[in-house]
Amino acid sequence: MIRTEICDMFGIEHPILLAGMGGASTPELAAAVSNAGGLGVMGASSVGPRALRNWIHRCRDLTDKPFGIDTLLPASVRRGTNLAPMSNGPLPQDLIPEYRAMVSSFLDQQGIPIADNKEIWPEEDGPPLFSKEFFESQMDIIIDEKVPIYVSGLGNPGPWVERIHSYGGKVMAVVGAVRHARQVVEAGIDAVIAQGHDGGGHNSPIGTMALIPQVVDAVGNQVSVIGAGGITDGRGVAAAIMLGAKGAWIGSAFLASEEAGLFEGQKQAIVEASEEGTTVSRSVTGKPARMIKSKWTQLWEESGKEPLPMPFQTQISRPALVSANLASRSQDINPGFAGQGIGMIKAIRPAAEIMAEIVDGLESTFTHQLNALSG
Ligand SMILES: Cc1cc2nc3c(=O)[nH]c(=O)nc-3n(C[C@H](O)[C@H](O)[C@H](O)COP(=O)(O)O)c2cc1C
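Under our numbering, the letters of the sequence shown match residues 1 to 375, in that order.
(1) Closest to residue 362 by C-alpha separation, out of 191, 236, 297, would be which residue?
(2) Taking all protein chains shown into account, do 16 or more other C-beta atoms lie within 10 angstroms of the C-beta of residue 91, making it buried, or fewer, making it exposed?
(3) What residue ranges within the region 277 to 304 form continuous alpha helix (DSSP H) runs of no fewer than 4 residues, ordered along the chain?
(4) Taking C-beta to C-beta, are residue 129 and residue 307 nearer than 8 Å?
(5) Given a cut-off of 8 Å, decide if residue 26 and residue 45 are closer than it, judged by their beta-carbon atoms.
(6) Please work out which residues of its chain come closer than 7 Å, Cβ to Cβ, to residue 336, disregarding the five sequence neighbours upstream and downstream, and give them in chain order.
(7) Given the structure, does residue 249 come close to ligand 1, in the sense that its CB is under 7 Å from one of the ligand's heavy atoms?
(8) Thinking just about the alpha-carbon of each residue, which of 277, 359, 329 is nearest to the one in residue 339?
(9) Helix, strand or coil, according to DSSP, for residue 198 in the structure here?
(10) My understanding is that residue 184 touches residue 175, with C-beta atoms under 8 Å, so please give their C-beta distance in whole angstroms.
(11) Label residue 139 either buried or exposed according to how many other C-beta atoms from any shown protein chain fall within 10 Å of its C-beta, with 16 as the threshold for buried.
(12) Quick one: residues in its chain with C-beta nearer than 7 Å to the C-beta of residue 97, no 5 flanking neighbours on either side, listed in chain order?
(13) Could you name the residues that DSSP lists as bridge partners for residue 248?
(14) Where residue 6 and residue 15 are concerned, what is the direct C-alpha to C-alpha distance, given to the nearest angstrom?
(15) What are the start and end residues of the beta strand (DSSP E) that includes residue 39?
(16) Taking only runs of the beta strand (DSSP E) that begin and end inside the region 137 to 171, which ones reach a length of at least 3 residues, in chain order?
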């Protein structure tokens, strides 16, 4: 069995981590991956503090193995630099009415009724979604509940490291560049996830194959580096290990799992997509993210409008995308974030089966390649 130093650090059997994916990596999916010997990490980026506590309890009900939570800590929101004028002059908040009008006429043309506000903004009594207060209130719950592993998907978790370490928790951060890896390692985190351009969700301009060894060279003698971005089967995990990573953070491969919190149409879109099916767009969160091409990404490409910075773009995108989901039009309007490896996904399956296949693939890749070389 292939084990690395992260297996001991996290108390897991295989060096395979379920990536925190907003909406998709639910307590059910995280628990299934942890029960199968990996590390299940819930994607709680848009889960408000009250619901987050319920998620943690639900995950603990489903597994007695270690698990983690991933949220966002974007520097632009925490420092307020997102409030600056846009490149063409106006303040982001002043463009909201014009952008809403464009989206509302798009939904009209598509025959999609706008969903009820309660469906769109479920935690109305908490801090506004993706505000500084929202991110900080999530951290308070994570620390109060002594969540074993915390992962920041964006930004530097430095201010929280000491409090998480004080109860024995571990901290990781996703980075897309060597300078960010250096910053988070200096802040005292335990492992760094190097996610390249191939990956689903918020996106680095650097390809995975080039990023992993450069992050390993920069910080690999201080912390474990975990590879991510387009790693969709056991061959990919083996490749990341060959590049110096101690394991893999895998998202898209689990999107078409039975446990993932996606609509059926979104899972079907993953199964049907090829390696050419994704694009990088700022149209959902305001930051560049890899997602499946759709009528939504096309709308923004053709509009010539610059998406607003986080969190303002969410005020535009969320009503539209939630309405599309509820009208069962998730496949052509909101198929969701995904990485370039989705061409390898051929069916909707239980997460345990996906895990078992990745573990087998990892072992057999090393065996076959070594045999081939020695022959
Ligand atoms: C549907 C989806 C949602 C995602 N949401 C988040 C998120 O909320 N927070 C985060 O840190 N990363 C998010 N990501 C990125 C993943 O954590 C991970 O880095 C990425 O999936 C790795 O690339 P892969 O999809 O090719 O495996 C998301 C990715 C996908 C596919």
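Where a beta carbon is used, it is the ideal one built from N, C-alpha and C, also for glycine.
Looking at the atomic coordinates:
(1) 236
(2) exposed
(3) 295 to 303
(4) no
(5) no
(6) 262, 266, 291, 292
(7) yes
(8) 277
(9) coil
(10) 6 Å
(11) buried
(12) none
(13) 16, 227
(14) 6 Å
(15) 39 to 43
(16) 149 to 154
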